[in-house]
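Be aware that the sequence shown starts at 1, since it is given in the numbering used here, and climbs by one per residue. The C-beta atom is built at its ideal place from N, Cα and C for all residues, glycine as well.
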Amino acid sequence: MIVDREKLRLLLEQECGGENLCSELLRQRPHLFASGAVFLERDLARQMQETIAAVETVVALPAYREAVLARSPSIVHFDPGARGVFIGYDFHLAGARPQLIEINTNAGGGLLNAKLARVMLGGNDGDHCERAFVEMFREEWRIRHGDRPPRNILIVDDQPAGQYLYPEFLLFRALFRRHGLNAEIADPGELAYREGVLWHRDMPCDLVYNRLTDFLLDEPRHENLRRAYLDGAVMMTPHPRAHALYADKRNLVLLGDAGRLRAFGAAEDVIQALRCSIPATVEVTPDNAGQLWQQRRRLFFKPAGGYGSRGAYRGEKLTRRVWEEIRNGEYVAQDFVPPSECELGDEGARSSLKVDFRLYTYAGAAQLIAARLYQGQTTNFRTPLGGFAPVRLT
1 MIVDREKLRL LLEQECGGEN LCSELLRQRP HLFASGAVFL ERDLARQMQE
51 TIAAVETVVA LPAYREAVLA RSPSIVHFDP GARGVFIGYD FHLAGARPQL
101 IEINTNAGGG LLNAKLARVM LGGNDGDHCE RAFVEMFREE WRIRHGDRPP
151 RNILIVDDQP AGQYLYPEFL LFRALFRRHG LNAEIADPGE LAYREGVLWH
201 RDMPCDLVYN RLTDFLLDEP RHENLRRAYL DGAVMMTPHP RAHALYADKR
251 NLVLLGDAGR LRAFGAAEDV IQALRCSIPA TVEVTPDNAG QLWQQRRRLF
301 FKPAGGYGSR GAYRGEKLTR RVWEEIRNGE YVAQDFVPPS ECELGDEGAR
351 SSLKVDFRLY TYAGAAQLIA ARLYQGQTTN FRTPLGGFAP VRLT
């Protein structure tokens, strides 16, 4: 199945309100969308969802939450009530069962992949996803505010127009507006907080779609947003508490430890589901650093608070300099699980690409499954023929 790029471009142009900007942004991002689709057996997709259900069961346990909060800064102890939108579960296909590589709480690409699915797969999947996305934000709002609608929605990121996924910000703004919700895109530096109200220029804001990668809102330029969040002046989603409970890579250590899970009160079927679905993961400490260095060729190292591929390293390619950074930072070491591969291209020039599967979820329910195709150590948007790819279940 080959992606009809012209049909996709026209759809995105139309969805953005006919702005030529969207087409120009796509031209500047030639590897945002892959050249073809990926096929996945329904049974494997079902197993992925079983793993997600097991994770959600553990995250809901009070003892697990206490363990996570005990190592977390004060901002994480504030519970805004919201669940957190777009929790993404990333899997590799390996062995008898798909392996959960990591969890993210501001997983980008959901709306882009919904548009791609509409073009490539047909049917109502893309439309259904978009309606589910809007309802998800409304549900986040209702959790604390009931049926009173939000006045304004802000899509917030640092220098948003410079972000690689800025086309998605434009699509979200248009989507919210089509559903009767006023929406704008903003840099945190444009926000002011006074008299209990978060302002974007002259517009009061009460719902923030948070695309920042400063997950704990530590940076000084995010101070106004942080204060408004902690004062309950805005409903922000996803939020620091969700990141701590799901996306901190040290959680994979807990989720794969049968003894800790039993101590948390997890049922045996949940424990077994996680043990066979999460690669062995440990924290890098002074006590085990020497052993991990010796075993590095079979390991993958990730920063505990990282995202995407930033700061992540395949062990067999480590230099001593990078190893010292890992030893002195907060990192986890995970058994390396090689991704599956697929071939794209014509008969004259075919390329083998690695495949990473992502399930976008809300409140534990899968909304969309997509793939990222790439070459190299980690996922990227630099690979010819690679990028986001639709997934057809077989």
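Counting C-beta neighbours from all protein chains within 10 Å, is the total for residue i 16 or more, i.e. buried, or is it exposed?
{"i": "Arg250", "result": "buried"}
{"i": "Thr281", "result": "buried"}
{"i": "Met48", "result": "buried"}
{"i": "Glu168", "result": "buried"}
{"i": "Pro204", "result": "exposed"}
{"i": "Asn106", "result": "buried"}
{"i": "Val253", "result": "buried"}
{"i": "Asp398", "result": "Residue 398 lies beyond the stretch modelled for the chain, which goes from 1 to 394, so this question has no answer here."}
{"i": "Val284", "result": "buried"}
{"i": "Lys115", "result": "buried"}
{"i": "Leu10", "result": "exposed"}
{"i": "Val322", "result": "exposed"}
{"i": "Pro279", "result": "buried"}
{"i": "His239", "result": "buried"}
{"i": "Glu15", "result": "buried"}
{"i": "His77", "result": "exposed"}
{"i": "Gly39", "result": "The sequence shown places Phe at residue 39, rather than the Gly named in the question. Under this definition Phe39 is an exposed residue."}
Is the CB-CB distance between residue i and residue j below 8 Å?
{"i": "Ala37", "j": "Met136", "result": "no"}
{"i": "Arg173", "j": "Glu184", "result": "yes"}
{"i": "Glu50", "j": "Ala267", "result": "no"}
{"i": "Leu372", "j": "Arg350", "result": "For the sequence presented, residue 372 should be read as Arg rather than Leu. Contact: no."}
{"i": "Leu26", "j": "Leu12", "result": "yes"}
{"i": "Arg211", "j": "Ile153", "result": "no"}
{"i": "Ala34", "j": "Gly386", "result": "yes"}
{"i": "Gly311", "j": "Arg297", "result": "no"}
{"i": "Thr383", "j": "Gln375", "result": "yes"}
{"i": "Val270", "j": "Ala54", "result": "yes"}
{"i": "Phe381", "j": "Tyr164", "result": "yes"}
{"i": "Glu140", "j": "Thr237", "result": "yes"}
{"i": "Gly364", "j": "Ile52", "result": "yes"}
{"i": "Val59", "j": "Leu245", "result": "yes"}
{"i": "Leu207", "j": "Pro150", "result": "yes"}
{"i": "Ile143", "j": "Gly81", "result": "yes"}
{"i": "Gly88", "j": "Tyr307", "result": "no"}
{"i": "His179", "j": "Leu191", "result": "no"}
{"i": "Arg275", "j": "Ala258", "result": "yes"}
{"i": "Ser277", "j": "Arg46", "result": "no"}
Could you pull the start and end residues of the alpha helix (DSSP H) that residue i belongs to?
{"i": "Arg194", "result": "From DSSP, Arg194 is part of no alpha helix (DSSP H) but of the beta strand (DSSP E) over 191-194."}
{"i": "Ile326", "result": "320-328"}
{"i": "Gly259", "result": "258-264"}
{"i": "Pro390", "result": "Counting along the chain, Pro390 falls outside any alpha helix (DSSP H), though it belongs to the beta strand (DSSP E) covering 387-393."}
{"i": "Val270", "result": "268-275"}
{"i": "Ala174", "result": "166-178"}
{"i": "Glu66", "result": "62-70"}
{"i": "Lys7", "result": "5-15"}
{"i": "Ile75", "result": "74-77"}
{"i": "Leu198", "result": "No alpha helix (DSSP H) contains Leu198, which is instead part of the beta strand (DSSP E) from 197-200."}
{"i": "Ser23", "result": "20-27"}
{"i": "Arg83", "result": "Counting along the chain, Arg83 falls outside any alpha helix (DSSP H), and DSSP gives it neither H nor E."}
{"i": "Gln294", "result": "289-294"}
Just to confirm the assignment, what range does the beta strand (DSSP E) spanning residue i have?
{"i": "Phe39", "result": "38-40"}
{"i": "Asn210", "result": "207-210"}
{"i": "Asn104", "result": "99-104"}
{"i": "Glu184", "result": "183-186"}
{"i": "Ala370", "result": "365-374"}
{"i": "Gln334", "result": "331-335"}
{"i": "Glu283", "result": "281-283"}
{"i": "Tyr89", "result": "87-92"}
{"i": "Lys302", "result": "299-303"}
{"i": "Val156", "result": "153-156"}
{"i": "Thr237", "result": "235-237"}
Between the Cα of residue i and the Cα atoms of the options, which residue gives the shortest distance?
{"i": "Ile101", "options": "Leu171, Thr379, Leu385", "result": "Thr379"}
{"i": "Pro188", "options": "Pro149, Tyr229, Leu170", "result": "Tyr229"}
{"i": "His92", "options": "Thr383, Ala365, Phe336, Gln367", "result": "Phe336"}
{"i": "Ala389", "options": "Leu112, Val76, Gln291", "result": "Leu112"}
{"i": "Glu341", "options": "Lys354, Val68, Phe264", "result": "Lys354"}
{"i": "Leu368", "options": "Glu130, Phe301, Gly146", "result": "Glu130"}
{"i": "Asn407", "options": "Arg241, Arg320, Ala333", "result": "Examination of residue 407 is not possible in this model, given that the chain is present from 1 through 394 alone."}
{"i": "Leu318", "options": "Gly329, Phe301, Asn328, Tyr307", "result": "Phe301"}
{"i": "Gly110", "options": "Val197, Asp147, Leu175", "result": "Leu175"}
{"i": "Ile265", "options": "Met235, Pro62, Val3, Asp4", "result": "One detail in the question is off: residue 265 reads as Gly in this sequence, not Ile. Of the candidates Met235, Pro62, Val3, Asp4, the one whose C-alpha sits nearest the C-alpha of Gly265 is Pro62."}
{"i": "Gln99", "options": "Asp257, Asp214, Gly232, Pro338", "result": "Pro338"}
{"i": "Asp218", "options": "Gln14, Asp43, Arg392, Ser72", "result": "Ser72"}
{"i": "Leu198", "options": "Gly180, Glu223, Leu216, Ala96", "result": "Glu223"}
{"i": "Leu21", "options": "Arg46, Gly162, Gln294", "result": "Gly162"}
{"i": "Gln395", "options": "Val3, Gly329, Gln334, Phe215", "result": "This structure cannot settle anything about residue 395, because the visible part of the chain is limited to 1 through 394."}
{"i": "His243", "options": "Asp43, Leu69, Ala45, Gln28", "result": "Leu69"}
{"i": "Gly329", "options": "Leu299, Thr57, Pro303", "result": "Pro303"}
{"i": "Tyr362", "options": "Arg65, Tyr64, Arg138, Leu44", "result": "Arg138"}
{"i": "Thr394", "options": "Leu299, Asp43, Gly256, Asp158", "result": "Asp43"}
Got a sec: does the ligand PLP put a non-hydrogen atom nearer than 7 Å to the Cβ of residue i?
{"i": "Ala370", "result": "Only the bare structure without any ligand can be found here, which leaves the ligand PLP out of the picture."}
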